[in-house]
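Here the structure is laid out as structure tokens; the discussion comes afterwards.
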Amino acid sequence: MAGVAVGSGWALRGVSTRVRDREERLPPPSTLDNHCPGTLCCISAIPFIMTLFPGVALVTGAASGIGKQVAISFAAEGCRKVALLDRDVPALEDTKARAEAAAPEGVEILSLAVDVLDEGDIEAAFDQVIGKFGRVDYAVNCAGIYRTDKVSHELSPAEFDNIMGINTRGLWLCSRQALKHMVSQEPLPTHDGRPGNRGSVVNISSNLGIVSKEGSPAYNASKTAIVSLTRSDAIDYAPHNIRVNCVCPGIIDTPLTADIPEDSPGVLTAPMKRKGTPQEVADAVLFLSNPKASFILGANLLVDGGYVIH
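With full-length UniProt numbering as the guide, the letters of the sequence shown map in order to residues 1 to 310.
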């Protein structure tokens, strides 16, 4: 049975949220095979909405841009437990309000102030998430900064360390905590009977992790490192039934790219000749996070309007 197109299109809502519609359009429970792909297993015992995201989502960098839209999209697609991590607490409250408004059946949200440069902050935040929700199933590492205005001899060691620290080390610290908890938890059941995962990690890199551009040595290096880290973790944690992938956006219409005009070379080089939207990146993240991507591992999914191929 196909997913009903709601929000960005990934939630499995059965045939309807109404019991009457289920009774009219589904065969009797006794005729349904509990392990038959595409059916609602044990339908008589499921009076609630089914979803591709029955677990707990955790999103870093959730106060703005891509991270904010990823968090809202998880709620919109039926994830009932979402943790939001960022150092901008007031902005997190706006993300929380928007996620709650988008959730079709309600959502429980935990907002935590976290500096990804602080290992203690990250560990404490994950402990709070585990203490409240019991597990982490979909970890999405979005926190990052964007600097492209200096070549190497103009870049100070402090500037280099800050970019690498937030974009690469901070992401690794968050991913490390997620993986530590995932290896010890039981796999989630799936919507269609296929084997479940213990967890999914999606790292946000960049198309500049695949190709490079002038004037951004530290940023290019930080995003390339994420692609390599993703592949390494994908290999190491596959035996634990954990999937690790990354998304490589191009120029996306977020506060980080507000100073890049629509007619800039970076935008016009891509065949689609426009900035992407945070929702388009969130859709890619949710695809990689859900069980329909069960055989995808170590991927770096480009969401860049064709920039790299052109």
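Heads up, the beta-carbon is just placed ideally off N, CA and C, and yes, glycines get one too.
If you're wondering where the values come from, they're calculated on a predicted model, not measured in any experiment.
Check each candidate in the options and name the one with the smallest Cα separation from residue i.
i, options, result
"H310", "F295, T269 and V281", "T269"
"L92", "T60, F74, A103 and G276", "T60"
"P187", "V151, Y146, L85 and P291", "P291"
"Q279", "I260, S264, K213 and I252", "I252"
"H153", "G250, D118, G215 and M272", "G215"
"S232", "W172, A71, Q128 and S206", "W172"
"V183", "F133, C142, Q128 and N241", "N241"
"R87", "L288, V114 and R147", "V114"
"L52", "A238, L297, E119 and G196", "G196"
"A284", "R194, K150, I145 and S205", "S205"
By the 10 Å Cβ neighbour count, where 16 or more other Cβ atoms means buried, how is residue i classified, buried or exposed?
i, result
"P47", "Confidence at P47 is low in this model, with a pLDDT of 35, below 50, so the placement of that residue should be treated as unreliable; the coordinate-derived value is given next. By the 10 Å Cβ count, P47 comes out exposed."
"V211", "exposed"
"L302", "buried"
"F126", "buried"
"R274", "exposed"
"D94", "exposed"
"S180", "The question names Ser, but residue 180 is Lys in the sequence shown. So K180 counts as exposed."
"F295", "exposed"
"Y307", "buried"
"K96", "buried"
"A101", "exposed"
"A178", "buried"
"A45", "Note on A45: pLDDT 36, under 50, position unreliable in the model; the coordinate value appears next. Result: exposed."
"S156", "exposed"
"A258", "exposed"
"D304", "buried"
"L40", "Because the pLDDT of L40 is 33, which lies under 50, any placement of that residue in the model is unreliable, and the number read from its coordinates should be weighed accordingly. Result: buried."
"N203", "buried"
"G276", "buried"
"A11", "A caution first: A11 carries a pLDDT of 43, below 50, which makes its placement in the model too unreliable to give a value."
Is the CB-CB distance between residue i and residue j below 9 angstroms?
i, j, result
"V247", "A234", "no"
"C174", "A221", "no"
"N300", "V201", "no"
"A225", "E159", "no"
"L112", "A83", "yes"
"S64", "P255", "yes"
"K81", "A62", "no"
"V89", "I166", "no"
"N207", "P249", "yes"
"V281", "Q69", "yes"
"V136", "G199", "yes"
"R147", "I122", "no"
"E108", "L286", "no"
"P189", "P54", "yes"
Check whether the Cβ of residue i lies closer than 9 angstroms to any Cβ atom in chain B.
i, result
"V129", "Looking for chain B here will not work: only one protein chain is present."
The alpha helix (DSSP H) that contains residue i, what's its start and end?
i, result
"Y219", "P217 to Y237"
"G209", "Element bounds for G209: n/a, residue is neither H nor E."
"A76", "G65 to A76"
"K273", "Careful: K273 lies outside any alpha helix (DSSP H) and carries neither H nor E."
"residue 340", "Outside the shown range of the chain (1 to 310) lies residue 340, about which nothing can therefore be said."
"S162", "Reading off the sequence shown, one finds Asn at residue 162, where the question assumed Ser. Taken as a continuous stretch (DSSP letters only), the alpha helix (DSSP H) holding N162 covers P157 to M164."
Provide the residue span of the beta strand (DSSP E) that contains residue i, from first to last.
i, result
"G266", "First-last for G266: P265 to L268, but that is the alpha helix (DSSP H), not the beta strand (DSSP E)."
"S108", "The displayed chain sequence assigns Glu, not Ser, to residue 108. Element bounds for E108: E108 to A113."
"G199", "G199 to I204"
"V244", "I242 to P249"
"A57", "V56 to T60"
"L302", "N300 to V303"
Roughly how far, in whole angstroms, is the beta-carbon of residue i from the beta-carbon of residue j, given that I think they are within contact range, below 8 angstroms?
i, j, result
"S66", "C142", "Per the sequence presented here, residue 66 reads as Ile, with Ser not at that position. Correct: roughly 5 angstroms between the Cβ atoms."
"A99", "A124", "At roughly 22 angstroms, the Cβ-Cβ gap does not stay under 8 angstroms, so A99 and A124 are not in contact."
"G298", "T230", "6 angstroms"
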